[in-house]
Amino acid sequence: MTQPIVNVGILSAPKIEIVLNGKYRMNGRTITGEMTFDAESFDAEGSCEILPVDVGAYVSVKNVMIGKEFHWQRFETQDFIGDIHIVRSGKNLVLINALLVEDYLKSVISSEMSATSSLELLKAHSVISRSWLLAQIYKTGHDAHSFPMTETDTERIRWYDRDDHDLFDVCADDHCQRYQGISRQTTDAVARAIEATYGEVLEYDGELCDARFSKCCGGVFEQFETCWEPVHKPYLSARADCPDENAFPDLTVEENAREWILSAPEAFCNTDDSRTISEVLNGYDKETTPDFYRWTVEYTADELSAIARDRSGIDFGTITEITPLERGTSGRISRLRIAGTKRTMEIGKELEIRRTLSRSHLYSSAFVVEKTDGGFRFRGAGWGHGVGLCQIGAAVMAAKGYGYRQILAHYYPGSQIIKEY
Numbered sequence: 002m003t004q005p006i007v008n009v010g011i012l013s014a015p016k017i018e019i020v021l022n023g024k025y026r027m028n029g030r031t032i033t034g035e036m037t038f039d040a041e042s043f044d045a046e047g048s049c050e051i052l053p054v055d056v057g058a059y060v061s062v063k064n065v066m067i068g069k070e071f072h073w074q075r076f077e078t079q080d081f082i083g084d085i086h087i088v089r090s091g092k093n094l095v096l097i098n099a100l101l102v103e104d105y106l107k108s109v110i111s112s113e114m115s116a117t118s119s120l121e122l123l124k125a126h127s128v129i130s131r132s133w134l135l136a137q138i139y140k141t142g143h144d145a146h147s148f149p150m151t152e153t154d155t156e157r158i159r160w161y162d163r164d165d166h167d168l169f170d171v172c173a174d175d176h177c178q179r180y181q182g183i184s185r186q187t188t189d190a191v192a193r194a195i196e197a198t199y200g201e202v203l204e205y206d207g208e209l210c211d212a213r214f215s216k217c218c219g220g221v222f223e224q225f226e227t228c229w230e231p232v233h234k235p236y237l238s239a240r241a242d243c244p245d246e247n248a249f250p251d252l253t254v255e256e257n258a259r260e261w262i263l264s265a266p267e268a269f270c271n272t273d274d275s276r277t278i279s280e281v282l283n284g285y286d287k288e289t290t291p292d293f294y295r296w297t298v299e300y301t302a303d304e305l306s307a308i309a310r311d312r313s314g315i316d317f318g319t320i321t322e323i324t325p326l327e328r329g330t331s332g333r334i335s336r337l338r339i340a341g342t343k344r345t346m347e348i349g350k351e352l353e354i355r356r357t358l359s360r361s362h363l364y365s366s367a368f369v370v371e372k373t374d375g376g377f378r379f380r381g382a383g384w385g386h387g388v389g390l391c392q393i394g395a396a397v398m399a400a401k402g403y404g405y406r407q408i409l410a411h412y413y414p415g416s417q418i419i420k421e422y
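The sequence shown finishes on residue 422 if you use our numbering, and the numbering steps up by one all the way, no holes.
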């Protein structure tokens, strides 16, 4: 197999502004400098290709959104190498960046974490980012399973996985993998990690691993099906984030989950080592609370009611009760009952819960609910969905001397590293 090309969706907007730094070709002519594309004047079925002529040429794209719906959401000008495709999609234009997978990874590894991370951590992340990406490209070219989501007057069960994008393989934001072109600093260590693992992917039972990852599992890994499709993936299953991987209680039991979350058990990701943490967190990640392993958020009843109404579109009235109904293997809630003076509903899965109960996103759905005099207190564990590699835990493992193969064996049990190309 030769190294594939990946098509990344960068921007969707009525107007796209770019700067060509170097010579490019479009429609048979050589171009450079600033260009503006407007959907109103773009052919309804039209598209254009902007292909580099000069070695080292790159395209600056204005107003690229990062951190969509998170508290660090902002717009940036970002720079991209490779081919640029612009296509019409409804009332918007979509800008797509096509480039080699290994070039894509240089940005992803530096965007998902600090480019100054330890070499073994960077190697581990190179393998899983490559694995996840190739698994998504494979999905795009094949029939994918379709699973129903529930939406009734009393129940809303949704999961927010990578969309089956029609125009490109993956998007550029946290919904897929962070990809910020050559704007994000790439170090010699990142280049060495990618070169050392060139073409390496994780495989389980002859198939590419859908290698998920999150910032902090909170002490125990979550299973794939708790967060996404009702499919069990043995390499994305429950384990403790410590040397004794079976040392954890059944966190699907409410009493066990409460005790676990309200304590702080030993785990690789239970660390306050600022140097190790800084390997994982980029600048805008550091705008989040440093208390990622265990955290507390409080709301008045009026605040939470307004947030839930605005974020979900459901008017609960004044929220009076919040009750966990189902939990996954890490203690993350997958089904939650919200009762209000106007309406009671059950919601899930984990990201729908996190979206509904925060202006941005709750750090995770592994939390217990405490009623206060004027509202609610959420005491939680971890940051993100908790499935697959725990970035902070993996950083601690690397700092303790574990190699990237040991790290991957810990977070993806039963998987094998193979050379895909």
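Every residue gets a Cβ at the ideal spot worked out from N, C-alpha and C, and that includes glycine.
When rounded, the separation of the alpha-carbon atoms in Ile393 and Gly404 is 15 Å. In this structure, Leu168 and Ser90 form a Cβ contact; the two beta carbons are roughly 6 Å apart against a cut-off of 8 Å. Excluding sequence positions up to five before and after Leu122, its CB lies within less than 7 Å of the CB of Glu280, Ala395, Ala396 and Ala399, all in the same chain and listed in chain order. With a beta-carbon spacing of about 5 Å, Val7 and Asp170 fall inside the 8 Å limit used to define contacts. Collapsing the DSSP output to three states places Lys124 in a helix.
In the structure shown, the three-state DSSP call for Thr357 is helix.
Per DSSP, Pro250 has no beta bridge partner at all. For Gly394, the enclosing alpha helix (DSSP H) begins and ends at Gln392 to Ala400.
Assignment of Thr345 by DSSP, reduced to helix, strand and coil, places it in the strand class.
Scanning Lys63, Leu106 and Glu267 for the CA closest to the CA of Pro15 turns up Lys63.
The DSSP assignment places 59-67, 75-81, 84-90 and 93-101 as complete runs of the beta strand (DSSP E) inside the stretch 49-101, in order along the chain (cut-off: 3 residues). Cβ contact annotation for Ser13 (same chain, cutoff 6 Å, sequence separation greater than five): Asn93 and Val95, in chain order.
Between Ala382 and Ser361, the C-beta spacing is not below 8 Å. Per DSSP, Val369 lies in no alpha helix (DSSP H); the unbroken beta strand (DSSP E) holding it starts and ends at Phe368 to Lys372. Here the stretch 118-138 makes contact with the stretch 197-206; the two share three or more CB pairs at distances below 8 Å. Under a 10 Å Cβ-count criterion, Leu326 is classified as exposed, with fewer than 16 other Cβ atoms of the shown protein chains found around its own Cβ. In the three-state DSSP reduction, Val281 falls in the helix class (H, G or I). Nearest to Glu256 by C-alpha distance, out of Phe368, Tyr59 and Glu226, is Phe368.
Inclusion of Gly23 and Ile97 in the CB contact set at 8 Å is not warranted, their separation being larger than that value. CA-to-CA, the gap between Ile419 and Gln79 works out to about 33 Å.
The residue among Ala239, Ala265 and Asp245 with its C-alpha nearest the C-alpha of Thr253 is Ala239.
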